[in-house]
Each structure stands twice: as C-alpha cells, then as structure tokens.
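Inspection log for the structure reproduced underneath, given as structure tokens.
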Amino acid sequence: GGEPFKQKNESPQAFGYVTIDEAMRQSINVPFAQLIFDVGHDKVSGVARSTGILDESMDPDDNASFALGTSTPSAIRMADSYATFAASGTHHEPFSVTKVTEDGEELPGFEPPKSVRAMDDAIADNITKVLRNVVENGTGIKAKKLGRPAAGKTGTTSSNEYNWFVGYTPLRATAVWVGFPGEMRSMNRQTINGRTYYRGPYGSSIAGPTWSRFMTQVLAGAENPGFSNAGDREVFGERVAVPSVVGRSESDARGALERAGFRVSVSGEQVQSPYPA
Numbered sequence: 001g002g003e004p005f006k007q008k009n010e011s012p013q014a015f016g017y018v019t020i021d022e023a024m025r026q027s028i029n030v031p032f033a034q035l036i037f038d039v040g041h042d043k044v045s046g047v048a049r050s051t052g053i054l055d056e057s058m059d060p061d062d063n064a065s066f067a068l069g070t071s072t073p074s075a076i077r078m079a080d081s082y083a084t085f086a087a088s089g090t091h092h093e094p095f096s097v098t099k100v101t102e103d104g105e106e107l108p109g110f111e112p113p114k115s116v117r118a119m120d121d122a123i124a125d126n127i128t129k130v131l132r133n134v135v136e137n138g139t140g141i142k143a144k145k146l147g148r149p150a151a152g153k154t155g156t157t158s159s160n161e162y163n164w165f166v167g168y169t170p171l172r173a174t175a176v177w178v179g180f181p182g183e184m185r186s187m188n189r190q191t192i193n194g195r196t197y198y199r200g201p202y203g204s205s206i207a208g209p210t211w212s213r214f215m216t217q218v219l220a221g222a223e224n225p226g227f228s229n230a231g232d233r234e235v236f237g238e239r240v241a242v243p244s245v246v247g248r249s250e251s252d253a254r255g256a257l258e259r260a261g262f263r264v265s266v267s268g269e270q271v272q273s274p275y276p277a
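For the sequence shown, full-length UniProt numbering begins at 1 and goes up steadily by one.
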C-alpha cells in the first residue's frame with residue numbers, strides 16, 4: 001500500500017471528538033476526510049451527481065480530499081445542488097430559457113426540465129438542519145443578517161485563492177464565489193473594500209456577507225416560509241443500548257460491541273470517567 005493519508009485542519013486547535021453537526025458548524029476538515037472512508041467515495045460522488053454536480057467538474061482522484069472540495073463545479077451548479085436540499089431532496093435541473101416564441105406562438109421543446117427525486121426528504125431536511133446551524137452559530141453567522149430561515153456553508157481553499165458561500169432559504173438558493181478569475185492566485189495581503197487581509201479572506205469574510213446583502217434584495221417583499229421539520233432518526237438511527245463491557249478483556253469487549261453493531265476503535269491512553277470501573 002501507499003503512504004497513510006494525512007489531513008489537517010485550518011485551525012491548530014485540538015477539537016477532540018466532535019459530531020458531524022459540530023464539525024460542519026466549525027468547518028473542521030478531519031471528520032469529513034474520515035467520513036468519506038467510512039461511507040465510500042462512490043456514494044459521496046453519487047449523491048453529488050444526483051443533486052446536479054456534473055461529472056466533468058468532479059475530481060477524478062479517489063481520495064479523502066474529495067469530501068473537502070477538490071472538485072471544480074461552477075457557481076450555478078453549487079447553487080443548484082444546495083437548492084435540492086431546500087426542496088427536501090427534489091432536484092430541479094437549472095435552465096435559462098423559459099420560452100421561445102415565433103409569430104406570437106410559443107414553440108415546443110423549451111419546457112422546464114422535469115424534477116427528479118435525488119434523496120429521501122428526511123435526509124435532505126436533516127442536511128438543512130446541519131447547515132442551518134452553520135448560519136445560526138458557525139462560520140456562516142454573517143449570513144444571519146438576512147433575517148430569514150437560511151442554511152449554507154462557507155468554503156476556503158488551502159492558500160486562500162478562492163472563497164465561497166453557498167446558501168439557501170426555502171425559496172431561493174445562491175452561490176457566491178470570490179477570487180481572481182482565470183488564475184489560482186492567493187488573496188493573502190490583498191486589500192478589498194479598504195481592508196487588507198494579511199491571512200485571508202475566508203468564506204465568512206466576504207462571500208457570506210455578499211450572499212446576505214444579495215438575498216436581502218432578492219427576497220424583499222417575498223413570503224417568509226420556514227424549512228420542513230427534520231426528524232432525528234435519520235441522524236441517530238435506531239437507538240440501541242450499549243452493552244456493558246466493564247471488567248472484560250479488550251478482545252472480548254471489542255467483540256461484544258461489534259456484535260451490537262458498533263464500530264470500535266481503541267485508544268492506548270486512559271480516559272477519565274465519572275463512573276466507577
């Protein structure tokens with residue numbers, strides 16, 4: 001085999017064990033690299049494809065970095081993908097020509113593309129629940145100024161060449177890309193709107209606030225519905241009791257836990273617990 005895959009976070013902070021919800025909120029890389037190993041690259045790329053990301057824009061390399069954003073979709077495709085979550089898992093292919101007329105008659109063949117079910121509504125609604133937390137409490141909090149229910153995600157390349165914020169409300173999805181068109185050039189030490197970013201900017205610095213200002217204008221006067229409610233079963237699965245393994249050998253404990261359906265990893269360090277052994 002090759003060298004072990006190593007992934008680092010942008011922050012030097014030691015986060016310890018975190019949930020996917022918390023990892024998304026704080027934009028922590030390592031859990032998502034692990035996630036693609038757990039569920040498989042083919043399933044991750046398949047979901048991306050079902051929500052509108054084109055094959056030709058996907059990173060062809062089968063590695064964990066795929067989950068962190070090594071593909072190159074356009075802004076319209078990113079907005080389209082997130083719109084699938086807003087629509088509770090129904091994908092609507094983007095189109096720009098609404099109708100063509102000749103001599104006052106509307107020509108056939110320009111009908112809107114048919115919608116396709118990309119994923120179960122409960123799955124999509126739980127994705128929205130996680131991405132709402134990004135806007136409410138995480139790296140996308142500057143988009144909260146919209147004053148409506150919103151979900152989304154910031155994105156920043158390794159050397160700050162590109163920044164993203166892709167977000168949506170129940171009515172609209174929009175993607176904001178910030179960078180130098182046509183070239184991979186770091187934005188470190190660039191002065192933007194009178195501010196010099198010695199390290200940065202990040203997706204939360206410009207793309208997020210730009211999204212909020214744009215969507216404020218787009219949605220002015222529009223109705224303000226909420227997102228569909230998300231259930232917990234799709235996140236937590238079937239709740240089961242954890243077998244007691246107190247006093248058992250490592251191999252016996254591992255076997256008991258695996259038979260109960262748990263994935264087991266063993267740390268060589270002592271773990272503090274308030275409960276007696």
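Beta carbons are placed, not taken as given, at the ideal position from N, Cα and C, and that holds for glycine.
With a threshold of 16 other beta carbon atoms within 10 Å, Asn224 falls short and is exposed. Taking the CA atoms as reference points, Asp125 sits about 6 angstroms from Ser88. Exclusion of the five residues before and after Pro113 leaves His92, Glu93, Phe95 as the residues of its chain whose Cβ lies within less than 8 angstroms of its Cβ. When rounded, the separation of the alpha-carbon atoms in Thr157 and Asp80 is 21 angstroms. A straight line joining the alpha-carbon of Asn137 with that of Tyr17 spans about 19 angstroms. Val116 is bridged by DSSP to His91.
For a cut-off of 8 angstroms, the C-beta gap from Thr154 to Ala241 is around 38 angstroms, too long to register as a contact.
Judged by DSSP in its simplified three-state form, Arg148 adopts coil rather than helix or strand.
For Phe165, the closest C-alpha among the options Pro181, Phe214, Gly194 is that of Phe214.
For Glu223, the three-state secondary structure derived from DSSP is coil.
About 13 angstroms separates the CB atoms of Ser212 and Ala151; that is not less than 8 angstroms, and the two are not in contact. Bridge partners of Gln190 according to DSSP: Tyr197. Ala241 sits in coil when the DSSP states are folded into three classes, being neither helix nor strand.
Three or more beta-carbon pairs drawn from the segment 53 to 70 and the segment 29 to 45 are found closer than 8 angstroms, and the two stretches are therefore classed as touching. For Thr101, the pairing in a beta bridge is given by DSSP as Glu106. Annotation: Asp62 to His41 spans about 7 angstroms, alpha carbon to alpha carbon. Taken through DSSP and simplified to helix, strand or coil, Phe165 comes out as strand.
Judged by DSSP secondary structure, Gly208 falls within the alpha helix (DSSP H) whose first and last residues are 208 to 218.
The continuous alpha helix (DSSP H) containing Gly255 extends over residues 250 to 259. DSSP places Ala173 in no alpha helix (DSSP H) but in the uninterrupted beta strand (DSSP E) bounded by 173 to 179.
Looking at Asp232, Leu257, Ser249, Leu146, the one whose alpha-carbon comes closest to that of Ala220 is Leu146. When DSSP states are grouped into helix, strand and coil, Gly46 belongs to the helix group. When C-beta atoms of the segment 71 to 78 are compared with those of the segment 171 to 186, three or more pairs fall below 8 angstroms, so the two segments count as touching.
In the DSSP secondary-structure assignment, Lys129 is not bridged to any residue. Boundaries of the alpha helix (DSSP H) around Gln34: 30 to 39. Sixteen is the threshold: when 16 or more other Cβ atoms of the shown chains lie within 10 Å of the Cβ of Lys129, as they do, the residue is buried. Between the C-alpha atoms of Arg263 and Thr90 there is a straight-line separation of about 32 angstroms. Close CB contacts of Arg132 within its chain, under the 8 angstroms cut and outside five residues either way in sequence, are with Pro149, Ala150, Ala151, Phe227 (chain order). Membership of Ala23 in the alpha helix (DSSP H) is indicated by the continuous run 20 to 26.
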